[in-house]
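Q: Mapping of the sequence shown onto our numbering: position 44 corresponds to residue 44, and the numbering continues sequentially without gaps.
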Amino acid sequence: MSNAAILCVDDEASILKALKEQLKRSFGNQYVYEVAQSADEAWVVIDELELEEITILIIVSDWLMPGMRGDEFLAQVHRRFPEIITVMLTGQADEAAIARAKVEANLYACIHKPWSEEELKQLIQTALK
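1) I'd like the span of the beta strand (DSSP E) that includes isoleucine 124, first residue to last.
2) Taking the alpha carbon of glutamate 34 as the point to measure from, which residue in Met65, Trp63, Ala4 has its own alpha carbon closest?
3) Using a Cβ-Cβ cutoff of less than 8 angstroms, which residues in the same chain neighbour glycine 67 once the five nearest sequence positions on both sides are dropped?
4) On a CA-only basis, which of Ile54, Val103, Gln92, Cys110 is nearest histidine 78? Give me that one, please.
5) Between the Cα of isoleucine 58 and the Cα atoms of Arg69, Ala42, Val87, Met65, which residue gives the shortest distance?
6) I'd like to check one pair, serine 61 with lysine 121: are the Cβ atoms closer than 9 angstroms?
7) From the beta carbon of alanine 96, is the nearest beta carbon of chain C less than 9 angstroms away?
8) Please state whether the Cβ-Cβ distance between isoleucine 85 and leucine 23 is less than 9 angstroms.
9) Can you grab the Cα-Cα spacing for the pair alanine 96 / glutamate 48, in whole Å?
10) The beta strand (DSSP E) spanning glutamine 83 covers which residue range?
11) Could you check whether aspartate 11 and leucine 89 sit closer than 9 angstroms to each other, using their CB atoms as the reference points?
12) What is the rounded straight-line gap between the Cα of leucine 19 and the Cα of leucine 123?
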């Protein structure tokens, strides 16, 4: 099993399923692929991976989620784990939220819904170089 992970966070199960399937097709067994349906659930996953000594390389998070928006979540992640690459996935984020995430979460990129599998693959490949 790989000791490197990619975490996807979105409140829609269908989006998470699609992301995970596309990442597996693109990168095979190179990484562990984890998903969470909220920021709270994502922190549980992050803590579990840390205990298992699996390094999270990148987090792809939706912007509009119940409980906590993606820009806030990614900013928290960046404060605790500045080495994790952060990507926001959104169909609705305003420019102010994206700008804020660039500053507070060191946002690497923003993918707009609907995205293409090739766009996702290219972004992840470039980010991990």
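No residue lacks a Cβ here, since even glycine has one placed at the ideal position from N, Cα and C.
A: The structure says:
1) The residue given as residue 124 occupies position 124 in the sequence shown. Where isoleucine 124 is concerned, there is no enclosing beta strand (DSSP E), although the alpha helix (DSSP H) it sits in stretches over 117 to 127.
2) Working through the sequence shown from its first residue, we reach residue 34 at position 34. Residue Ala4 is the option with its Cα nearest to glutamate 34.
3) What you label residue 67 is simply residue 67 of the sequence shown in a count that begins at 1. Result list for glycine 67: Ser38, Ala39, Asp40, in chain order.
4) Along the sequence shown, read from residue 1 onward, the residue named residue 78 stands at position 78. Nearest of Ile54, Val103, Gln92, Cys110 to histidine 78, Cα basis: Val103.
5) By one-based count along the sequence shown, residue 58 stands at place 58. It is Val87 whose Cα lies nearest to the Cα of isoleucine 58.
6) Locating residue 121 in the sequence shown gives position 121, where the first residue counts as 1. Locating residue 61 in the sequence shown gives position 61, where the first residue counts as 1. Not in contact: lysine 121 and serine 61 (Cβ atoms no closer than 9 angstroms).
7) In the displayed structure, chain C is absent; only one protein chain is listed.
8) Taking the first residue of the sequence shown as position 1, residue 85 is located at position 85. Taking the first residue of the sequence shown as position 1, residue 23 is located at position 23. Contact: no.
9) Residue mapping note: residue 96 aligns to position 96 of the sequence shown, counting from 1. Residue mapping note: residue 48 aligns to position 48 of the sequence shown, counting from 1. Taking the straight line from one Cα to the other gives about 32 angstroms.
10) For this step, residue 83 is matched to residue 83 along the sequence shown. In the sequence as presented, glutamine is not what sits at residue 83; that position holds glutamate. Element bounds for glutamate 83: n/a, residue is neither H nor E.
11) Your numbering for residue 89 matches position 89 in the sequence shown. Your numbering for residue 11 matches position 11 in the sequence shown. No, the pair does not count as a contact, with Cβ atoms beyond the cut-off.
12) As a working note, residue 19 is residue 19 in the sequence shown. As a working note, residue 123 is residue 123 in the sequence shown. Distance between the alpha carbons of leucine 19 and leucine 123: 13 angstroms.
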